[in-house]
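This report concerns only the one structure given below.
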Amino acid sequence: MLALRQFEKIDEDLLVSYLNDTAQTHFLSARIPQPYTPEAARWWVETGSKLGITRAIISNGIFVGSIGAIPGEFEKQKTAEIGYWVARPYWGQGIASEALQKFTHLLFESTDLIRLYAAVIEGNVASATVLQKSGYKLEAVLQKAIYKNGSVFNELHYSRVRDV
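Using the working numbering, count along the sequence shown one by one with no gaps and you end on 156.
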């Protein structure tokens, strides 16, 4: 059983555990502090997770990941960037795909967003597959758009548009 809920204080210890795994953070944004401290987890639960639209991913009652959307501003106010991760012990179980499908439905049903997009570092085949399974289409490859850990990567842009 998969559910999406607000982050809670009880998630802090698992956040620290999950986000100190280098395999976990390899393709995640560099804005996630490393090492990931209890203070960072507390900030995320109390403040960071309230920016935009963010949910904890719960599988069989256990906190296993995060999914969120950051709405654009001004002329991009009907667009949001999607981001997500599932903890390594839960990889390969279809959790990210199910969470993204539920979250996409939630956003299209409860907001006035028309376009959702996600940026993926080229080479992150798992995330590209999650997006494709969830109805997102590859719309662009931005050449050498990401610099992370001393390397340059192409950025893949996937999007899904609500029928209006």
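We treat Cβ as the ideally placed atom computed from N, Cα and C, and that holds for glycine. Note that this is a predicted model, so its numbers are computed, not measured.
Could you name the residues that DSSP lists as bridge partners for Gly64? Position 72 of the sequence shown holds residue 64. According to DSSP, which records beta bridges pairwise, Gly64 is partnered with nothing at all.
Would you tell me roughly how many angstroms separate the C-alpha atoms of Ile49 and Thr103, rounded to the nearest one? Within the sequence shown, numbered from 1, the residue matching residue 49 stands at position 57. Within the sequence shown, numbered from 1, the residue matching residue 103 stands at position 111. C-alpha separation (whole angstroms): 20 Å.
By alpha-carbon positions, which one of Leu148, Tyr109, Val56, Leu98 ends up nearest to Glu83? Here residue 83 refers to the residue found at position 91 of the sequence shown. As written in the sequence, residue 83 is Trp, which differs from the Glu given in the question. For Trp83, the nearest C-alpha among the options comes from Val56.
Count Cβ pairs between the segment 61 to 77 and the segment 94 to 108 that sit closer than 8 Å; are there 3 or more? yes
Can you confirm whether the segment 17 to 33 touches the segment -3 to 8 when touching is taken to mean that 3 or more C-beta pairs between the two stretches lie within less than 8 Å? yes
Using only CA atoms, which one of Thr17, Phe95, Lys140, Ala120 lies nearest to Glu131? As a working note, residue 131 is residue 139 in the sequence shown. Ranking Thr17, Phe95, Lys140, Ala120 by Cα distance to Glu131 puts Ala120 first.
Report yes if the CB atom of Ala110 is closer than 7 Å to the CB atom of Leu123, and no otherwise. Mapped onto the sequence shown, residue 110 falls at position 118. Mapped onto the sequence shown, residue 123 falls at position 131. Result yes, Cβ atoms of Ala110 and Leu123 sit closer than 7 Å.
Less than 8 Å between C-beta atoms, sequence neighbours within five positions excluded: which residues of the same chain meet that for Ile87? By 1-based counting over the sequence shown, the position of residue 87 is 95. Within the same chain, Ile87 has close Cβ partners Leu(-6), Ile49, Ser51, Val56, Gly57, Val78.
Minimum C-alpha distance to Leu105 - residue among Lys129, Ile45, Ile54: Residue mapping note: residue 105 aligns to position 113 of the sequence shown, counting from 1. When each option's Cα is compared against that of Leu105, the closest is Ile45.
Roughly how many angstroms separate the alpha carbons of Arg47 and Leu108, rounded to a whole number? Position 55 of the sequence shown, counted from the start, is the residue given in the question as residue 47. Position 116 of the sequence shown, counted from the start, is the residue given in the question as residue 108. Those two C-alpha atoms are separated by around 16 Å.
I need the straight-line Cα distance from Val144 to Ser21, nearest angstrom please. The residue labelled residue 144 in the question sits at position 152 within the sequence shown. The residue labelled residue 21 in the question sits at position 29 within the sequence shown. The alpha-carbon atoms of Val144 and Ser21 are separated by roughly 14 Å.
Ile138 vs Ile113 beta-carbon contact at 7 Å: For the purposes of this step, residue 138 is taken as residue 146 along the sequence shown, with counting starting at 1. For the purposes of this step, residue 113 is taken as residue 121 along the sequence shown, with counting starting at 1. Cβ distance < 7 Å, so Ile138 and Ile113 count as in contact.
From Leu92 to Lys1, what distance separates their C-alpha atoms? Taking the sequence shown and counting its residues from 1, one reaches residue 92 at position 100. Taking the sequence shown and counting its residues from 1, one reaches residue 1 at position 9. Straight-line Cα distance between these residues: approximately 23 Å.
Close-in-space but distant-in-sequence residues of the same chain around Lys166 (CB under 7 Å, 5 per side omitted): The chain is shown only over -7 to 156; residue 166 falls outside these bounds and no answer can be derived.
Whose C-alpha, out of Arg80, Glu65, Val37, is nearest the C-alpha of Thr17? Translated into the one-based positions of the sequence shown, residue 17 becomes position 25. Of Arg80, Glu65, Val37, the residue nearest in Cα terms is Arg80.
Secondary structure of Arg107, DSSP reduced to three states: The residue given as residue 107 occupies position 115 in the sequence shown. Strand, per DSSP.
Give me the residue from Thr71, Ser151, Gly53, Leu134 with the minimum Cα distance to Asp3. The residue you call residue 3 lines up with position 11 of the sequence shown. Nearest option by C-alpha distance: Gly53.
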